[in-house]
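Yeah, the sequence shown ends on 178 if you go by the numbering used here, and it's all consecutive. Each residue gets a CB set at the ideal place from its N, CA and C atoms; glycine is no exception. One structure is given below, encoded as structure tokens.
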Amino acid sequence: MRHWLRRRVYEPLLAALREGVTPAGLAHCVAVGAMIGIFPAIGTTTLLCTAAALALRLNMVVILAVNYLVYPLQFALLIPFFRAGEWLFGAERLSLSAGEVVALVRDTPIVAIDRLWTVTWHAAAAWLVLTLLTVPLIRAALTPAFRRMARLVPPAPGATGNGT
Numbered sequence: 015m016r017h018w019l020r021r022r023v024y025e026p027l028l029a030a031l032r033e034g035v036t037p038a039g040l041a042h043c044v045a046v047g048a049m050i051g052i053f054p055a056i057g058t059t060t061l062l063c064t065a066a067a068l069a070l071r072l073n074m075v076v077i078l079a080v081n082y083l084v085y086p087l088q089f090a091l092l093i094p095f096f097r098a099g100e101w102l103f104g105a106e107r108l109s110l111s112a113g114e115v116v117a118l119v120r121d122t123p124i125v126a127i128d129r130l131w132t133v134t135w136h137a138a139a140a141w142l143v144l145t146l147l148t149v150p151l152i153r154a155a156l157t158p159a160f161r162r163m164a165r166l167v168p169p170a171p172g173a174t175g176n177g178t
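Structure representation (structure tokens):
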């Protein structure tokens with residue numbers, strides 16, 4: 015596990031710092047990737063992370079690595095986001111467990127779309143509220159750690175240093 019984390023998480027972060035990504039830019043990339051990675055619509059996060067990386071000029075390798083790292087959290091937070099969306103909009107409670115939702119999506123995707131459309135966009139609205147509050151906090155928490163990491167890593171020859 016330690017080797018896997020080093021290879022899949024730590025080394026891509028170091029590589030980004032070597033390439034000239036600033037610690038604040040790296041923290042922003044990780045924060046955005048983590049929050050998009052828990053977006054409450056299964057099967058959408060890779061595309062959303064790619065779009066965010068292109069639109070915001072974030073490091074593609076880092077944002078996708080973070081997305082994959084938080085993937086289990088997407089499932090763990092699916093029902094809490096559904097409940098938060100129901101609360102936010104005063105909607106009727108969906109009476110499906112996480113396992114039932116996954117089985118419904120896997121076995122009958124068209125029925126799942128029909129049944130889950132409203133609850134999903136309500137959950138997405140709750141996710142957006144959380145994301146707007148959380149991304150700045152994650153960025154602020156990670157920037158000092160990435161500054162310490164950056165001191166340990168000399169920049170790569172020819173690094174762009176564009177700061178993102």
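PHE89 and HIS136 do not touch by the CB rule: their CB atoms are close to 18 Å apart, not below 8 Å. In this structure, the beta-carbon distance from THR145 to MET49 falls below 8 Å. Distance from the CA of TRP18 to the CA of LEU156, rounded to the nearest whole angstrom, comes to 21 Å. Inter-residue distance for GLY34 and TRP101 is about 43 Å (C-alpha atoms, whole angstroms). Annotated as proximal: ALA79 and ARG22, with beta-carbon spacing under 8 Å.
Counting every other CB atom within 10 Å of its CB across the protein chains shown gives GLY39 a total of 16 or more, marking it as buried. Its Cα nearest to that of ALA45, the residue LEU151 stands out among PHE160, PRO158 and LEU151. Assigned with DSSP and collapsed to three states, THR36 falls in coil, not helix or strand. In this structure, ILE52 and LEU87 form a Cβ contact; the two beta carbons are roughly 5 Å apart against a cut-off of 8 Å. ARG20 has its alpha-carbon roughly 41 Å from the corresponding atom of ARG129. Shortest Cα-Cα distance from ALA139 to any of ALA105, MET15, ARG162 and PRO26 involves ALA105. TYR24 and THR60 have their C-alpha atoms spaced approximately 20 Å apart.
The Cβ neighbour count for ARG165, taken over all protein chains shown within 10 Å, is under 16; the residue is labelled exposed.
VAL115 has its alpha-carbon roughly 11 Å from the corresponding atom of VAL125. Secondary structure in the segment 35-67: the alpha helix (DSSP H) runs of 4 residues or longer, each lying completely within the stretch, are 37-51 in chain order. The beta carbons of TRP141 and PRO54 sit closer together than 8 Å.
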